[in-house]
Amino acid sequence: MQRLTLFAKGNVDVHDTLHSCRIGGALRWNGISDVIRKNYSGLTARVRHETWTRSDALLAATGSVPDSLAARDVPLGSYPASSQFSDAIFTTASDAVILSIQPDVTSSMLRHRTEGYYLYAPDIANWRSEDRAWLRQDFETLGLLTPEQSMSNLAAIVERLRAVNDVPVLVYNLSFIMPGDVVHCHMGLDETYPTRIRRFNLALVELSQEIGISIIDVDAVVARHGTDRLKLDTVHLTPEGYEQVTYETARVLDDIGVFDSVRNRDP
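The numbering used here applies: residue 1378 is where the sequence shown begins, and numbers increase by one.
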């Protein structure tokens, strides 16, 4: 048996498809390992997953947590400092790298005013008052990225990956259909998530045309099998939704030759 290693840098969409999906402590989907074991003989799979704050922060990550942050025991939840400042994606051997546009679509960031590092700070209401004061004094708020900024960052990430570990790069897009969305006139509205997601999905297609990355078309998977069945909110799918996206990811990996490359590798 040969082992396939995937490096997955992303959030719930990437984790719950490739690694596992648990709801209330119960395992509801066991990830791509099950798909490969059952459908692709001679292979096993290992998924290394890290959460991801945003593309600009990943490009700036050095692998070390800044001293001014390390000195404070702030609760960063699912985005620990070790993950936020990790550069392991650029230094870890793998057979494919899997990313997602979800962080760039949804996340706002903070940047240290003097040291320049990026920080994603969830659940600030649960921080100690002195840490909240430090955040207000020492950091500036950065707005959402534009699709153009995001794709420029993704191109730079792929270029850096190819320089050190020239393996296929796959990027998840997002489903733009929102359960319960009834908007039919956009006059006076700011950019909605469905509109923003459409713009990012199209920009990702254009980036794929330019640099040859593969897109995991979550939008098409959800549309094909039914939004009401597969989608819960802007970024969360049902366990069945994660399963269907996993099968699509395995299909793309097979189509671009990743499985054959691993099978033919010397033991």
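Glycine included, C-beta positions come from ideal geometry on N, C-alpha and C. Here the structure is a predicted model, which is why all the values come from computation and not from measurement.
Q.
How far does the beta strand (DSSP E) with Leu1369 in it extend, from its first residue to its last?
A. The displayed coordinates of the chain run from 1378 to 1644. Any statement about residue 1369 would go beyond what the structure contains.
Q: Would you tell me roughly how many angstroms separate the C-alpha atoms of Pro1457 and Glu1583, rounded to the nearest one?
A: 33 Å
**Q.** Contacts around Leu1630, its chain only, beta-carbon distance under 7 Å, and the 5 residues preceding and following it disregarded
**A.** Ala1473 and Phe1636
Q. Taking Cβ positions, are Arg1576 and Pro1524 nearer each other than 7 Å?
A. yes
Q: On the DSSP bridge assignment, give the partners of Phe1467 in chain order.
A: According to DSSP, Phe1467 bridges with nothing at all.
Q | Residue of Arg1399, Gln1526, Thr1382 and Glu1517 minimising C-alpha distance to Glu1492 | A | Glu1517
(Q) DSSP three-state label for Leu1584, please. (A) helix
Q: Return the CA-CA distance between Ala1346 and Arg1606, expressed in angstroms with no decimal places.
A: Any property of residue 1346 remains undetermined from this structure, which presents the chain solely from 1378 to 1644.
Q.
Rounding to the nearest angstrom, what Cα-Cα distance links Ile1466 and Ala1533 in this structure?
A. Looking at the two C-alpha atoms, the distance is approximately 13 Å.
Q | According to DSSP, residues forming a beta bridge with Gln1379 | A | Per DSSP, Leu1420.
Q: Please go through the same chain and pick out, in chain order, the residues whose beta-carbon is closer than 6 Å to the beta-carbon of Ser1460, but skip the five residues on each side of it.
A: Same-chain partners within the cutoff: Glu1427 and Thr1428.
Q: Count the other C-beta atoms from every protein chain shown that fall within 10 angstroms of the C-beta of Arg1431, then say buried if there are 16 or more, exposed otherwise.
A: buried
Q.
Closest to Val1451 by C-alpha separation, out of Lys1386, Leu1579, His1561 and Arg1505, would be which residue?
A. Arg1505
Q: Along the beta strand (DSSP E) that carries Val1474, what are the first and last residues, could you check?
A: It spans Ala1473 to Ser1477 - the beta strand (DSSP E) in which Val1474 sits, taken as one unbroken run.
Q. With 16 other CB atoms within 10 Å as the buried threshold, where does Leu1383 fall?
A. buried
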